[in-house]
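Protein chains in written order, with my numbering: chain F, -5 to 308; chain P, 723 to 1181.
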């Protein structure tokens, strides 16, 4: 944008120079296209083509007997009335409402604490909070699976020692919170880093001015820092919305520990996976995946819209 | 259903007759071994020996997907005998991931192996429709079926074709802790009624331990219980008609039996093949374990410190007057139709599992429980005394059990779904200690609905 604005006067004053510039620009554009090409090719081959193919698949119906036939929107209609899919989406909505605010709040708190410069061992703490994100989700789920273990897990042992019995980590409702906890543990550090980076990029003059005006640190955090990192917060919220609806690894691995609680449709993504690979119905799975994508887009849009309105009103 | 010990009769002359007469045979019981039955007439014409010789003397690379550990030792025997043939061994995962990749490769029309390991219960899912497996009948000697117990043959020879060469099997027996039962003063139960009573007594005497665990996530074991009781919940005609009959009165009896043990608290309901269960086996939480013939070696590895305390016996019976068993697990090597080297691939699958040296190696070194009679009676196999089982000849016991497995148990062409759904229906009832018969009905309903949705005619 800014280059265009700057270039405008020159264009108006000197015609020959403009021609030369355009030729140079053209060469530049040519180079840009060449440089972008590898990404673009891979993007088309790995994202666009599979997406289009999945979209195509979702309009067909393949049965073990009778083969493939065009089904129109039948798969979508079926999905919208499929209690397994809907309950999965509902469960993720609860997950979203409970887990995401908690996670973002903690991430923000840690980021502000680190940024305040009043924390001892700041570098170590920053790393310590971030490290869980570097642990692969599979490893994290296995590790928590052990910790939650009703017989030999440390929590169960503590519970028994206190005469209370093991905590119900793997019960129907307990499982939701058990998985929320794993996701919190994994992603607080990640979100913290995004917010922290945004905080670091703020000009310190702002704080100094506030301090001169007699603002306390909490006051600075509340009135200056948080509003200033709103775009970063929005980013973390959108990422979390997407991440929540796409939850897969944790329930998939917890399913080996509590197969009767997780089942095949605990999360919509897990359900799509099971439909594709257990039920051998790739077409219906494609429709489920597309619907899930639409749900994610809608929710992300709502989140964005609501924050925009807040920005405008403030 | 009665079947002790089921045998092959001289009048059993065709493979087609085998299927239809098995009920009758089973009912007869007793009798001689009948090894010299006349050769079965073949429906398809045999591949001439000259063609086989030519194929085995041509430079060929066979791709083989399996998850059997150390199988290169057996492959070596084959490649030594047929040096022109190379075998490209690939392990794409065990169980579900293996089948998923196999199905994907078949759908893609390329990248599929020549030979693949396929478990008994999944054969039908690959013979569906036009079929992806090669009928091996023309590739094997007509006498091959005499090499196997009848029930094994009935697993691979279905709907008029031979779809795999049996590799290993899993006849069901009962392993139990001699010391724990003795301490509790409980006799080893011979019938399931005794078993239920023993479970109550045992748990009351030893409140921290259970006679048995009922896993809420092990459809294979539950299906084996059905099989033993003579329930035949599934049929598939090879075309498009299936029978799904999981909730009949007999099956309800079995579900109620195990459900009652769980709800009364006499049996635990831990998920098997998971940490708690492994620990439970090692520390005496379970005093008995109904498991297949691959179980004894598995247990030895899991509960090493309980060595010398376990014993193996027949499963308890529903009818005290006879001994019937069933099967859980076991697999075959099948040849894919897509293979460009079908003759060599078929000979490879055949050699691997029927060459005596190779088959004995599987049994004695990899501890695959054998399918062939010759190995089931080989002294080097049956005479092994196992310290873990107090010196008992466990192989001999299970080899004997293999002879009591009732034949003719069929599978649906979508067992993945049936097994997965178990965890949400009957398995869930076991887990939540709710009505097992209702759980069984829910399982039946889900499976029948799936069959209909997939376009099957549900009989």
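Where a beta carbon is used, it is the ideal one built from N, C-alpha and C, also for glycine. Please read these numbers as outputs of a predicted model, since none were measured by experiment.
Query raised in the report: What does residue 694 of chain P touch in chain F if you count any residue whose Cβ is under 9 angstroms from its own?
Result: The displayed coordinates of chain P run from 723 to 1181. Any statement about residue 694 of chain P would go beyond what the structure contains.
Query raised in the report: Is the CB-CB distance between residue 278 of chain F and residue 289 of chain F below 8 angstroms?
Result: no
Query raised in the report: In chain F, which residues lie less than 7 angstroms from residue 1150 of chain P when you measure between Cβ atoms?
Result: 254
Query - Members of the region 142 to 160 of chain F that neighbour chain P once the beta carbon cut-off is set at 8 angstroms - result: 143, 144, 145 and 146
Query raised in the report: Taking the continuous beta strand (DSSP E) assigned at residue 898 of chain P, which residues delimit it?
Result: 887 to 899
Report task. Using three-state DSSP, classify residue 129 of chain F as helix, strand or coil. Result -> coil
Requested in this report: For my contact list, residue 800 of chain P and residue 835 of chain P are in at a C-beta cut-off of 8 angstroms; report their separation, rounded to the angstrom.
Outcome: That belief does not hold up - the Cβ atoms of residue 800 of chain P and residue 835 of chain P are roughly 15 angstroms apart, past 8 angstroms.
Requested in this report: Measuring only between beta-carbons, confirm whether residue 881 of chain P sits less than 8 angstroms from chain F.
Outcome: no
Query raised in the report: Would residue 268 of chain F count as contacting chain P if we go by Cβ distances under 8 angstroms?
Result: yes
Query raised in the report: Is it a yes or a no for the region 951 to 961 of chain P touching the region 1152 to 1162 of chain P, going by three-plus beta-carbon pairs under 8 angstroms?
Result: no
Requested in this report: Helix, strand or coil for residue 32 of chain F, going by three-state DSSP, please let me know.
Outcome: helix
Query - Identity of the residues DSSP links to residue 908 of chain P by a beta bridge - result: DSSP, once it has assigned bridges, lists no residue as partnering residue 908 of chain P.
Report task. Taking all protein chains shown into account, decide if residue 1105 of chain P is buried (16 or more other Cβ within 10 angstroms of its Cβ) or exposed. Result -> exposed
**Report entry** Cβ-Cβ distance between residue 784 of chain P and residue 1066 of chain P below 8 angstroms
**Finding:** yes
Requested in this report: With distances taken Cα to Cα, identify the nearest neighbour of residue 179 of chain F among F:164, F:169 and F:122.
Outcome: F:122
**Report entry** Ranges of the alpha helix (DSSP H) found wholly within the region 26 to 76 of chain F, counting only runs of at least 4
**Finding:** 43 to 51 and 68 to 74
Query raised in the report: Ordered along the chain, which non-local residues of its own chain (more than five positions away) have a Cβ less than 8 angstroms from that of residue 764 of chain P?
Result: Caution is warranted here: a pLDDT of 44 is assigned to residue 764 of chain P, below 50, making its placement in the model unreliable, and no coordinate value can be reported.
**Report entry** Contacts that residue 712 of chain P makes with chain F (C-beta to C-beta distance below 8 angstroms)
**Finding:** The shown model of chain P, from 723 to 1181, leaves out residue 712 of chain P, and the question about it has no answer.
Query raised in the report: How about the region 1081 to 1088 of chain P and the region 1051 to 1062 of chain P: do they share at least three Cβ pairs that are nearer than 8 angstroms?
Result: no
Query raised in the report: Using the beta-carbon count (16 or more within 10 Å), is residue 97 of chain F buried or exposed?
Result: buried
Query raised in the report: Taking C-alpha atoms, which residue in P:779, P:1149 and P:1136 lies nearest to residue 965 of chain P?
Result: P:1136
Query raised in the report: For residue 1008 of chain P, which of P:1069, P:1077 and P:925 has the nearest alpha-carbon?
Result: P:925
**Report entry** C-alpha distance - residue 993 of chain P paired with residue 936 of chain P, whole-angstrom precision
**Finding:** 8 angstroms
**Report entry** Partner residues on chain P for residue 257 of chain F, Cβ-Cβ distance less than 7 angstroms
**Finding:** 1145 and 1146
Query raised in the report: For residue 251 of chain F, which residues in chain P fall below 9 angstroms Cβ to Cβ?
Result: 993, 996, 997 and 998
**Report entry** Members of the region 826 to 855 of chain P near chain F, C-beta cut-off 7 angstroms
**Finding:** 850
Query raised in the report: Which residue comes first and which comes last in the beta strand (DSSP E) that contains residue 1146 of chain P?
Result: Premise fails: residue 1146 of chain P is in no beta strand (DSSP E) and is neither H nor E.
**Report entry** 7 angstroms Cβ shell around residue 998 of chain P - same chain, five flanking residues per side excluded
**Finding:** 992
Query - Rounded straight-line distance, which links the Cα of residue 218 of chain F to that of residue 201 of chain F - result: 8 angstroms
Query raised in the report: Of all Cβ atoms in chain F, is any one closer than 8 angstroms to the Cβ of residue 943 of chain P?
Result: no
Query raised in the report: On the three-pair Cβ rule with 8 angstroms, is the region 983 to 991 of chain P touching the region 1139 to 1155 of chain P?
Result: yes
Report task. Answer yes or no: does any C-beta atom of chain F fall closer than 8 angstroms to that of residue 1073 of chain P? Result -> no
Query - Counted within 10 angstroms of its Cβ, other Cβ atoms place residue 1055 of chain P as buried (16 or more) or exposed - result: buried
**Report entry** Chain-ordered chain F contacts of residue 938 of chain P [CB-CB under 8 angstroms]
**Finding:** 253 and 254
Requested in this report: Under 8 angstroms between beta-carbons, which chain F residues line up against residue 1177 of chain P? List them in chain order, please.
Outcome: 57, 58, 59 and 60
Requested in this report: Please classify residue 164 of chain F: does DSSP put it in a helix, a strand, or coil?
Outcome: coil
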